[in-house]
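One structure below.
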Amino acid sequence: MSRYQRHVFVCINERPPDHPKGCCHAKGSAEIRDALKEELKKRGLAHVVRANNAGCLDACEYGVTMVVYPDGVWYGGVKKEDIEEIIDRTIINGEVIQRLLIPNGRYAPDALQFPKLRL
Ligand code: FES
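Read left to right, the sequence shown gives residues 78 to 196 (our numbering).
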């Protein structure tokens, strides 16, 4: 059985509508997580890439937030339409999509290119 090569954590944290920090759930993160899981399964990658629910990733103002490990690539403002590109470029090819990076050095990746997925 294959071992997971990447874990993708999608923040699905939900807060009350009047909470000053807002939340990723209100920006559609559950649908994004579902789309990610579905696409990974459709492409036969679910045995090597694990899509996980995450609680608050402490980057609320940039939501929907996700992080790809072990590469430590943090993306913000993720939309459902970005999922295929994230799978193609980041998850499979190890490439950072610069327009999705959270614009805060605290979340900067160590590199812009990581090892490709071994298929
Ligand atoms: S609510 Fe998603 S990062 Fe905090």
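Virtual Cβ for every residue (Gly too), placed ideally from N, Cα, C. Here the structure is a predicted model, which is why all the values come from computation and not from measurement.
Asked	Found
Heavy atom of the ligand FES within 7 angstroms of Ala136 beta-carbon	yes
Inter-stretch contact (C-beta, 8 angstroms, three-pair minimum) for the region 125 to 132 and the region 152 to 161	no
CB of Val85 within 8 angstroms of CB of Ile168, strictly	yes
Any non-hydrogen atom of the ligand FES closer than 7 angstroms to Gly140 Cβ	yes
C-beta atoms of Gly105 and Val141 nearer than 8 angstroms	yes
Unbroken stretches of the beta strand (DSSP E), 3 residues or longer, contained in the region 139 to 179	143 to 146, 150 to 152
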